[in-house]
Amino acid sequence: MSLVHHLPILVVLVPMFVAPLLAAVPSRGHLPWLIASLTSLMTFALAIGLTGQVLAHGTVTYELGGWPVPFGIGLAVSPLSALMLLVITGASLMALLWGPASMTSEVGHQHQSLLYASWLLALCGLSGIAVTGDAFNIFVFMEISSLASYVMVAAGPKRQALTATFKYLITGTVGATFYLIGVGYLYMMTGTLNVADMAVRLADVSSTMPVLIASGFILVGLALKAALFPMHAWMPNAYRFAPTPVAIFFAACSTKVALFVLIRFDFLILMPHLPGHADMLIGLLMPLSVAAMLVGSTVAIFERDLKRMLGYSSVAQIGYIVLAFSLLSTAGLTAAIVHIFNHGLIKGALFMAVGTLVLRTGTSRLDDLPGIGKTMPLTTLAFCLAGVSLIGVPLTAGFISKWYLISAVLEHGSLGLVLLGAILLSSLMAVVYIWKVVEVAYFRDPPAESGGGTPLGRREAPLGMMIVLWIVVGANFWFGLDTRLPLGLANMEAPLLMGGQR
Amino acid sequence: MITVLGLFTLTFLVIAALATVQSRNLFVASMWFCIFSLMMAANFLILDAADVALTEAAVGAGVSTVLFMGALSLTAEHEHVRERSGWLPALVLGLLFAVLFAASFEQPRLGDPLAPVHQHVAPFYLSETPRLIDIPNVVTAILASFRGYDTLGEVLVVFTAGIGVLSVLSFSPKKNQQLSGEGVAERVRGVQHHAILRVAGKLIIPLLMLFALVVQFHGEYSPGGGFSAGALFAAAVMLYGILEGADRSAKAMPQDWMLRLAALGAMLYIGVGIVCMMLGGNFLDYSVLSSKPVAGQQLGILLVEFGVGLTVSTVLIMIFNAIANRSTY
Amino acid sequence: MSLLEWVAALFLVCGGFFVLVGGVGMLRMPDLYTRMHAASVTETMGTLLIMTGLILIAGWTLASVKLFAILLFLLFTGPVASYAVANTALIAGIKPQLAEDGPQIGGPEVPRP
Amino acid sequence: MSINSLGLYNYWIYGFVLVIGLYAVLVKGNYVKRMIGLSIFQGAAFLLYITMDKIEGGTGPIFVTPPQPGDLFANPLPQVLILTAIVVGIAVTALGLAITIRIKEEYGTIEESEIREVDRQA
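Chains L, P, H and C supply the protein sequences, listed in that same order.
Going by this note's numbering, 241 is the number at position 241 of the first sequence; the sequence numbering is gapless.
Just add 1000 to wherever you are in the second sequence, counting from 1, and you've got this note's numbering.
Just add 2000 to wherever you are in the third sequence, counting from 1, and you've got this note's numbering.
Just add 3000 to wherever you are in the fourth sequence, counting from 1, and you've got this note's numbering.
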């Protein structure tokens, strides 16, 4: 039993093991951050190793407790899981490396160890969802990550963080319970909880109504978790009022984990055996995703707070992902998977840039930041470059996503043209809201310094922060040129998912 | 006979739920919720789920009622008249109920031995547990071994909630007045003017703790296990806190020690799993813990159940202390 | 049915009767204190008779011991709880309704327990 | 007459309780009330699972005496799942109440409309 054999569980186990230690042992200063970062780094390394395994051998499985599935809980790391793991652990690592100064300035030193323990628990929960192959186990780990998220969002510096958390908690719990009920119906009809086994046994189920209900509950529950329009109300404020590093972490990965689960359920379990499910997906998800793209972008244009603007932009971006997989084609799935990866990079970079501005200026309101491009040129430039990637200009990661999305859409004839129009319109809106920032940042004069430029202290952020920010911005361009990793995994996964469909 | 009982508890369940939602006085609502949970527990018992009934009675009717009461004493007694228009949600929910109602006719009826849930995985547990693990309570066998990973996740959920409550209630812009003023102490010093209540209550506490220990360590043979035992033990401490004042219970069970013990419980669980890995098995494969796989399973189950009980009880105590020791604003 | 079972049944029926009486009393009595008085019938006679009946049915088994323990527990906690309710009500300023207050109609509104 | 004559009644009650709980979550403006509603809603999910475990003529899945072939036992799996879910429920409730308490401290109220009013004035 080599270490390689244990890789799938180790990714979950490492943060899981460190978190209680970190919470219980009182530590001061930057020590909790250091421990969390090292743990996150280790998890990231393990995720890379696991991805290598998956690339070499295909889906990797692991039986917990040595019990054969479906009697015990099995882990199943498909290519998509590996990609999710990379996104999750990478997002956690970059947010942690970026964040110590920001975290300290926003929540203070007190109880940082509790906060970073929650961070590791969230990391553990999200990775746990990515690797598991058991429907109920997903619920358990979803709850770990959700509870840890509530804790971290509630630690935000403003009191609105509390109301935002409460809304998040209610929505998240309703979503998770919907999912639980959905799994209950599936279990009722199949007698098993293992995802792969469910797919096999569902073939013999004749009565469709309970399965239909199951699919409805699971869809709504996960859509709540994924902040799919019109169930996105909790998200912008949760991101706005959370401590910035937390917002970076979640913006880059957490909603996508719910989409990942949704993709798995829809394609592996329901699509092959539930008649009319494909029509339901197309009829329901496609309009919703188009609405998400347009509404999210429109609100983002009029939003005057940068973090909320990015939150609404995420609503639109989730729309892209959902649109891509609701096309129900291999090309669409590839586009969705690639965008899950790329959007993590883009939103991470954007939130980081905004967070850097917030650290130095203490505000994320656009109107308070005129001429910021002159006082903080590097940060603002990073924001603009990440924004370029969001819009989808060639040579950026965003372009790759758009390219695959558009080519997938165009397979669908006249419907495809309509969708193409929506995509282009939404991208244009992205140009508008990014430009809005550029205009304020570069074409307005910074306010006259009132007495030596102290209170706002407008200068560039600490070096460490800048380095991380620029690495992520650089990654946006790197993955715009070298698409082997996300595309390779997507190309492995898409046929697996479509395979269930004959 | 049991049908009548089932009908009664189920119907009363709905009545209790309606009354909970209806009543504007929040204390009354939380009492109704307590009744709701008790009815739920009774119903679980009728449906042959003794373990769940025990846990629901301890957690739903006991602990959560105490938590609701504690929160209410810090917030508000009355709900204001609602301002939202309720007809659209009511319509949607009505439709939802109609759909669920319609679907129920395609679901296997209650107790149908041919239902899929009784076909595939469940018979394996029932027939193989005597051979593989050899403990009488199959629920415990699944909980701690077959699906031990879920239970580990569960322990972490509880642990997260514990550190969450600690951190949420400590992040306070205005440094919280932790029980210093005399007036504050008077308010929370339990029910001191009720001598009989205190004496009687204190007689119950040791019995309750004893029962918790029985439930903990007898959980392999009879209904029970870490979750219910932890909740019962915490209930005993909460009773003490209610009778004698939460400051005393916090003194008896200091928060930082509770936090450490909670972490210890989780670490114990994870540690057992890691030891299994080191001995050459998969994570949480207790069979390798002893030369005989069955003995290894039993040892592993005993240890992880203890970890569960430790974490659940300490976290619940911690949450109670944190909420009950907060003074009104 | 054996004689023992007949006796047990008698106990159970009597116990049920007292519980019923307690319930009717809870509804019919005019104020909190008298209602509690009615409820105590359930608490004492009701539990005592029902538990005895059940013990007779169970015979010399572990279940009987548990039932007996439950009986003791109920007999112990019931009065304490009643006392607590009454005492709290008194402290909260709820006055017993006396004969000279006249009949229930027009009397002070009694908060439900 | 056995418990099976209850038929589908359990499922109906489950649906009704679910709807009641969700109604409180969606419509009530008081935060504690919404938490209570959330607990009721979760309770409905518990009932759904436990309803599945019952088997005609069976007993609880605890072998008081060594099991004989032909003995019927309730399905232990949903029970395990719901044990887990109950504890998730209390964890969420505790955290939600802690947040509610902090909201009360910061805003002086736990009514949604009044909180919105306070935020608007700030």
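Just so it is clear, CB atoms sit at the ideal spot from N, CA and C, and this is done for glycine as well.
Predicted, not measured: the structure shown is a model, and the values here were computed from it.
In the DSSP assignment, the residues bridged to L:Asn194 are L:Asp134. At a C-beta separation below 9 Å, P:Pro1089 has no neighbours in chain L, since its nearest C-beta there lies roughly 12 Å away. Against chain P, the beta carbon of H:Val2080 has neighbours under 8 Å at Ile1196, Leu1197, Ala1200 and Gly1201, listed in chain order.
Cβ neighbours of C:Thr3100 within its own chain (closer than 8 Å, five residues either side excluded): Tyr3031, Val3032, Met3035 and Ile3110. Taking a Cβ-Cβ cut-off of 9 Å, the neighbours of L:Leu13 in chain P comprise Ile1270, Gly1273, Ile1274, Met1277 and Phe1283, given in sequence order.
Our two residues, C:Arg3120 and L:Pro236, have alpha carbons roughly 17 Å apart in a direct line.
Partner residues in the beta bridge of L:Glu63, as assigned by DSSP, are L:Gly74. One thing to note: H:Glu2005 has its Cβ within 8 Å of the Cβ of H:Ile2057. Contact residues of the segment 1144-1176 of chain P toward chain L are Ser1145, Phe1146, Arg1147, Gly1148, Tyr1149, Asp1150, Gly1153, Glu1154, Leu1156, Val1157, Phe1159, Thr1160, Ala1161, Ile1163, Gly1164, Leu1166, Ser1167, Val1168, Ser1170 and Phe1171 (C-beta to C-beta distance below 7 Å). Think of a sphere of 7 Å around the beta carbon of C:Ile3103: the chain L residues whose beta carbon falls inside it are Leu162, Thr163 and Phe166, in chain order.
Three or more Cβ pairs closer than 8 Å define a contact, and the segment 1051-1063 of chain P falls short of that threshold against the segment 1071-1082 of chain P. In the structure shown, the three-state DSSP call for C:Phe3073 is strand. Taking 8 Å as the upper bound for CB-CB distance, L:Ile372 and L:Leu357 are in contact here, some 6 Å apart.
DSSP assignment within the segment 220-252 of chain L yields the following whole alpha helix (DSSP H) runs of 4 residues or more, N-terminal first: 235-241. Taken through DSSP and simplified to helix, strand or coil, L:Arg365 comes out as strand.
P:Leu1054: member of the alpha helix (DSSP H) spanning Ala1050 to Thr1055, first to last residue. The Cβ of L:Val200 sits no closer than 8 Å to any Cβ of chain C.
From the beta-carbon of L:Glu63, the residues of chain P found nearer than 9 Å are Asn1282 and Asp1285. By the Cβ neighbour-count rule, L:Ala430 is buried, with 16 or more other Cβ atoms within 10 Å of its own. By a beta-carbon distance limit of 8 Å, C:Ala3098 contacts P:Val1168. Their separation comes to about 5 Å. Residues of the segment 3046-3067 of chain C with a C-beta atom less than 8 Å from some C-beta of chain L are Leu3048, Tyr3049 and Met3052, listed in chain order.
Counting along the chain, the unbroken alpha helix (DSSP H) around P:Gln1297 starts and ends at Pro1293 to Ala1324. Judged by DSSP in its simplified three-state form, C:Glu3106 adopts helix. Selection L:Thr361, L:Met42 and L:Gly66 evaluated against L:Met94 yields L:Met42 as nearest (Cα-Cα).
In the displayed model, L:Asp305 falls within a strand according to three-state DSSP.
Straight across, the Cα-Cα distance linking L:Met189 with L:Val205 is about 7 Å. With 16 or more other Cβ atoms from the protein chains shown falling within 10 Å of its own Cβ, C:Phe3041 counts as buried. Not a single C-beta of chain L is nearer than 8 Å to the C-beta of C:Ala3024. H:Ala2084 reaches chain P at His1194 and Leu1197, counting residues in chain order whose Cβ is nearer than 7 Å.
In its chain, beyond the 5 residues on either side, Leu281, Ile282, Leu285, Met286, Ser289 and Gly332 have a beta carbon closer than 8 Å to the beta carbon of L:Ser326. Of all C-beta pairs linking the segment 117-133 of chain L to the segment 1138-1148 of chain P, fewer than three are shorter than 8 Å, placing the two stretches out of contact. P:Glu1056 has a beta carbon lying within less than 8 Å of a beta carbon in chain C. Residue contact check for C:Gly3096 against chain L: a CB pair falls below 8 Å. Inclusion of C:Asn3075 and P:Ala1122 in the CB contact set at 8 Å is warranted, their separation being smaller than that value.
Within chain P, the C-beta atoms nearer than 9 Å to that of H:Phe2076 come from Ala1200, Leu1203 and Ile1204, in chain order. Under the three-state reduction of DSSP output, C:Glu3111 falls in the strand class.
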